[in-house]
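Heads up, the first sequence is in the numbering used here, so the first residue is 441 and it goes up one at a time.
C-beta: ideal position from N, C-alpha, C; glycine also.
This report concerns only the one structure given below.
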Amino acid sequence: MSSSEERYNFAASEPKWQRTWAAGNCFAAEESSTKPKYYVLEMFPYPSGRIHMGHVRNYTLGDVVARYKRAKGFNVLYPMGWDAFGLPAENAALERGVHPGVWTRQNIGVMKGQLAPLGFSHDWAREISTCEPAYYKHEQKMFTDFLKAGLAYRKKSWVNWDPVEHTVLANEQVVDGKGWRSGAPVEQRELSQWFLKITHYAEELLQAIETLDRWPDKVRLMQHNWIGKSEGARVLWPLQDAAGKATGQSLEVFTTRPDTLFGASFCAIAAQHPLAVQLAEGNAKLGDFLTECAKVGTSTAAIETAEKLGFDTGLKAEHPFIPGATVPVYVANFVLMAYGTGAIFGCPGHDERDMEFARKYGLTVKCVVAPESDDVAAFTRKLEAGNEAYTGDGVIVNSDFLNGLKVDPAKRAAIEKLESLGRGKGTVQYRLRDWGVSRQRYWGCPIPIIHCEKCGPVPVPDKDLPVTLPEDVTFDIPGNPLARHPTWKHTTCPTCNAPAVRETDTFDTFFESSWYFARYCSPKLADRAFDRKQAETWLPVDQYIGGVEHAVLHLLYSRFFTRALSDCGYFDLREPFDGMFTQGMVCHETYRAADGAWVEPGDVRKEGAAAVRVTDGVAVTVGRSEKMSKSKKNVVDPQAIIGTYGADAARLFMLSDSPPERDLEWTDAGIEGAWRYLNRLWRLAGAASQIQTGPVPATLDAGPAAVNRQIHRTIAAVGDDLEKFRFNSAVARIRELTNALADLDRKTVGGDAVYRYGIEVVTRLVSPIIPHIAEEVWQMLGFTTLVVATPWPEFDPAQLEDDVVTLAVQVNGKLRGTISVAKGADKAACESAALSLPAVQKLLDGKPPRKVIVVPEKIVNIVAA
RNA sequence: GCCCGCUUGGCGGAAUUGGUAGACGCAACGGACUUAAAAUCCGUUGGCCCGUAAGGGCCGUGCCGGUUCAAUUCCGGCAGCGGGCACCA
């Protein structure tokens, strides 16, 4: 054998099989089929221009599922496309003077070229790109349908403004008070914006989380908290002026603690509250205060250090339960206009914030809740004198008709009373807010609206869609090029024909990703977003795979969109993703030179425990493993790995080293281990190819018989592992079987037959994981069909268990030996076999055991006297 | 601050209805083959202790306690790490 044949030649093999699969159209989803359907989807990539290890891990997971499900007889839809609108394209335009469209489409070409050698089984005939009018015209139609259905609206509102990117951000896109991409502190501005009414579905989105039992608990919990349901009451407080005369107005506050109303000592309203704005007109000092409040940042640091500030309006609010009693009304910087009614009542005794505020402005502190077991008088004295609010459970005190009730019944009683007095009502409040979709950017889907002076904002009629982006734009100055385009925005009103202007804002890019999974069902359809029958056939997605960073944003928006589209008659579906899997990040050690500069892995040589920079021999410190990032230079380029070891080795390592939901540490040693396995399989298969294929004979020596049973057990276990995303465990079991086959004595009776059969099974089991070498081996074994077209192997249930089982024998819970008994042996037989063990006899020392526990097929535990 | 998750050898991890802890892999060490290297193959590898040896004993799944014949697994408390939300009334 020449040396070139001793090692698996991935460089020749991998492209060959990729061509074969493409030529055979092996991965096309069937439009109509008698097979059950299975839709596997990965979160589609942004065309940044470069495939990174995170993509490789994501698509490897999806590809294994897709290939496994095809082998199991499913009609699999496994599409790929491009989330092609977004800011980096505009930044590239700004920096390099290249048009965002040109840059994006070039990147798509480059990335397709980088994905090809990885051998993923995507159905490229269904490729979509969201920046093409053929795609986005359908979402313009959706938006106009949402308008008709009352699910989209325009309002002037305070918005998160990113001063670096010159655009508005959704609440979900503000992280720690900073823009999620720019990292710049977000400012508050008042603008007219388009909103989607996601809050209309707040309760349904919350309730339905419970039904998503194939989603990670973590993601479900995050959405649950994000929607943030609070039950409480709205309470009306009639207002009096400083002279004690009723103004005729009432202040409405929201509270989750109506049980503490008797402890109220003030009301406070947000700086943006209409009442505050109205009062400021005649009060310059208050005006200054409101300006001051608007300036306070929303960053973590700002919030933590921000002092509670208040401004006494001089107004008094009448207590709902205590006739004649009033509390002062403040404007306070910590009250949020966007939550509840933008007004609160303060109960300092039982709310930390209110306590801080009360102490600062000398307001009363009244104890109305006391822990059940405490002495009420003593507890009250301590609370009212101190600076600590009591927020725990207990019994209501000092509260008239609520006295003696526990917190929860008191809440109900207070609400009942409010309702009977006409002074308030029980209500549910959500933290979730409507989704602002307007962005002051060029590279996005134009919002199909025309502003007419007479008619107001008018939706672009269906016949005029799509509203396409103009190509001739400039990026030499910040801001939205659409707004300053000389001609594009000028048009006529569809209603009255008068001169009018187009909306120059574009949609948030999460708009595109909220329905792309439906577009894949009929990606070329021109007149509609998707074919209803196709969508209802394929959806929901059976297995969605992506990063946890989209747990709230994309996944919640998609759940909303699915409901909104259903309610607009597009299809009948509530949940888009039946199964969701969030994969871990790909990490790598970090390296730093003495001067603090990060050093790339390729430039580091390990010398025992120490490491040096190859280029100049300078010592580098090895830091902890962190997510691969350009800034820390700890990235490993997939292209380079594939060039050295091939796609299969990279795939095998990614799947075998860590469970897929956990972070994966990329190591050179790990990929080399994977590469060694490929060659091992290659050599073992070479030997197997010398043996005729055929059924395993009925009569086998003990060795082959045991391996034969292991083959069947492995088929069962690997199938189970793949179903449950335990890919690392599946790989381990396949390696165990491979080891057993390598160790099998083939000279025994049935040795050759079991060996040959075992190698065939291993080849089929590894085919979803390392598909190229699987094809190569399959061919080498003499098969003329493709392994991708071969069904998943069946196991014989009769072969799953041994005739003889090994039981552990414990004395007082400690392992003292094992016994082998026939399968199905009765308890008495197990007990006597265990008791006859010398080690057991010795410990019993002639005395009878106190008790013997026999768990069939598992264990015997002897409790010594 | 509130909510959630995790913690197992030198390392990644297995043990998923409580039942032989450390599968599988990596690293390391020893050996075989080779002029040599690579590749490959064989062996050892949780800690401590007794024994020349064969072999045997004790401890061990972050820490403390509990339930149980039996706990990595269940319960209570604590610590460390990670994540989500954060002036949400």
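If you draw a straight line from the Cα of G764 to the Cα of S839, it is about 16 Å long. Secondary structure of G549 (DSSP, three-state): helix. In the DSSP assignment, N600 is bridged to L609 and Q628. Straight across, the Cα-Cα distance linking T1002 with W634 is about 19 Å.
Shortest Cα-Cα distance from H759 to any of V769, F751, D752 and G750 involves V769. Annotation for K577: L905 and P906 place their beta carbon closer than 6 Å to its own, counting only its chain and skipping 5 residues before and after. DSSP, read as helix, strand or coil, puts G866 in strand. Per the coordinates, the alpha-carbon of Q1250 lies some 10 Å from the alpha-carbon of A1279.
Here Q1130 is exposed: its Cβ has fewer than 16 other Cβ atoms, across all protein chains shown, within 10 Å. Each of G1042, M1094, E952 and V1245 was checked against the Cα of A1170, and the nearest Cα belongs to M1094. Between the region 1136-1143 and the region 1181-1190, the count of C-beta pairs closer than 8 Å reaches three or more; the two stretches touch. The C-beta of E1112 has fewer than 16 other C-beta atoms within 10 Å across all chains shown, which makes the residue exposed.
Shown here, D657 sits in a helix according to DSSP, grouped into three states. In this structure, the CA atom of Y1085 is about 49 Å from the CA atom of V1300.
Annotation: the continuous alpha helix (DSSP H) that includes S953 extends over F950 to S953. Between S705 and L803 a beta carbon distance of about 5 Å is seen, short of the 8 Å cut, so the two are scored as contacting. The C-beta of V767 has 16 or more other C-beta atoms within 10 Å across all chains shown, which makes the residue buried. Taking 9 Å as the cut-off, the Cβ atoms of L1205 and T1154 count as close.
The continuous stretches of beta strand (DSSP E) do not include Q880, and DSSP gives it neither H nor E. Here M1020 is bridged, per DSSP, to Y984.
Counting along the chain, the unbroken alpha helix (DSSP H) around Q1150 starts and ends at A1142 to E1163. L501 and I985 have their alpha carbons spaced roughly 8 Å apart.
If you look at T1055, you'll find it isn't in any beta strand (DSSP E); DSSP assigns it neither H nor E. DSSP places K512 outside both helix and strand once states are collapsed to three, so it counts as coil. Going by DSSP, G1126 is part of the alpha helix (DSSP H) stretching over D1108 to A1128. By the C-beta criterion, the region 688-704 is judged not to be in contact with the region 1022-1037, since fewer than 3 inter-stretch pairs fall below 8 Å. At the C-beta level, F467 and R510 come within 9 Å of one another. Scanning E1200, H562 and Y830 for the CA closest to the CA of P1135 turns up E1200. In this structure, DSSP gives G727 a helical state, which the three-state scheme calls helix. Secondary structure note for P1288: it is in no beta strand (DSSP E), with a DSSP letter that is neither H nor E. Counting only unbroken stretches of 3 or more residues, the beta strand (DSSP E) elements lying wholly within the region 778-827 are 783-786, in sequence order.
Taken in chain order, the unbroken stretches of beta strand (DSSP E) that lie wholly in the region 902-975 and span 3 residues or more are 930-932 and 939-942. Here G494 carries a helix assignment [DSSP, helix/strand/coil]. Rounded to whole angstroms, the Cβ separation of F586 and L645 is 16 Å, and the two are not in contact under 8 Å. Beyond the five residues adjoining it in sequence on each side, A524 comes within less than 6 Å, by CB distance, of P487, T544, S569, T570 and C571 in the same chain, given in chain order. K756 sits in a strand when the DSSP states are folded into three classes.
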